[in-house]
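The structure appears right after this line, and notes come after that.
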Amino acid sequence: MIQYIRIQNFRSVKDIALELGPLNIVFGPNGCGKSNIYNAIHLLTAAAEGRLSGFISEEGGLENMMWSGERSPLDRHPRRLQIACRTDSFDYELQIGFPEKLPYPTQFMLDPIVKEENIWLAGYSRRPSSRVLQRKNQAAFLVDVTGEKSTFTESIYENESVLGQLGEPHRFPEV
């Protein structure tokens with residue numbers, strides 16, 4: 020069960036953090052972001068099932084899913100959609116953005132790219148020693164069955180979560 024969720028730069032939600040229980044009631048005026056909380060949870064599900072890019076496409080593309088309101092010059096990653104959650108077993112964080120600008124025209128400038136993805140074991144305050152998955156762009160490191168940090172050697176689709184791409188999940192039981 021998700022105990023906590025933080026959503027940043029997602030549709031009408033600039034930044035919200037919620038503690039969740041077994042039953043949650045979300046209410047408010049039209050347009051305040053109630054449905055976006057539900058959709059953010061669906062985005063996490065799609066990432067885990069290897070359907071992230073399809074989900075984003077069905078929602079109208081990443082540009083339609085991004086916060087379109089005013090941006091602060093202090094925003095660390097103003098063009099990244101970020102969703103983090105905490106469960107009984109782990110903390111998970113997913114950051115999605117656009118490709119880097121290229122010096123030539125391309126049809127792929129609005130395609131979603133997984134910029135960062137992390138999993139920490141629950142109860143360890145997101146310390147480096149409790150991280151069992153670390154992805155930055157196309158490089159990923161996972162803690163394997165022996166407890167050693169290893170490089171994920173398979174090619175990683177940039178528009179999908181590592182979770183949906185683990186071909187040998189028995190090698191990474193913590194993930």
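Residue numbering for the sequence shown follows my numbering, starting at 20 and increasing by one per position. In this text, a Cβ means the ideal position worked out from N, Cα and C, and glycines have one as well.
Every alpha helix (DSSP H) stretch that sits fully inside the stretch 79-116 and reaches 4 residues is listed by chain position as 81-84.
By alpha-carbon distance to F117, the top candidate from L42, I35, L81 and F46 is L81.
Of the other Cβ atoms in all chains shown, 16 or more fall within 10 Å of the Cβ of R154; this residue is therefore buried. Fewer than three pairs of CB atoms, one per stretch, sit closer than 8 Å, so the stretch 28-43 makes no contact with the stretch 137-149.
Contact between the stretch 127-145 and the stretch 39-56 is absent, with fewer than three C-beta pairs closer than 8 Å. Here G52 is near R30, since their CB atoms are less than 9 Å apart.
With respect to the C-alpha of Y57, the residue from S72, P92 and I21 having the closest C-alpha is I21.
In its chain, beyond the 5 residues on either side, no residue has a beta carbon closer than 7 Å to the beta carbon of S174. As DSSP reads the structure, S169 sits in a beta bridge with L161.
DSSP, read as helix, strand or coil, puts Y143 in coil. When the five nearest sequence neighbours on each side are left out, the beta carbons in the same chain lying within less than 6 Å of the beta carbon of Q27 are those of D34 and Q101, in order along the chain. Secondary structure of L182 (DSSP, three-state): helix. In the structure shown, Y176 falls within a coil segment according to DSSP collapsed to helix, strand and coil.
Around the Cβ of S180, a 10 Å sphere holds 16 or more other Cβ atoms; the residue is buried. For L37, the enclosing beta strand (DSSP E) stretches over residues V32 to E38.
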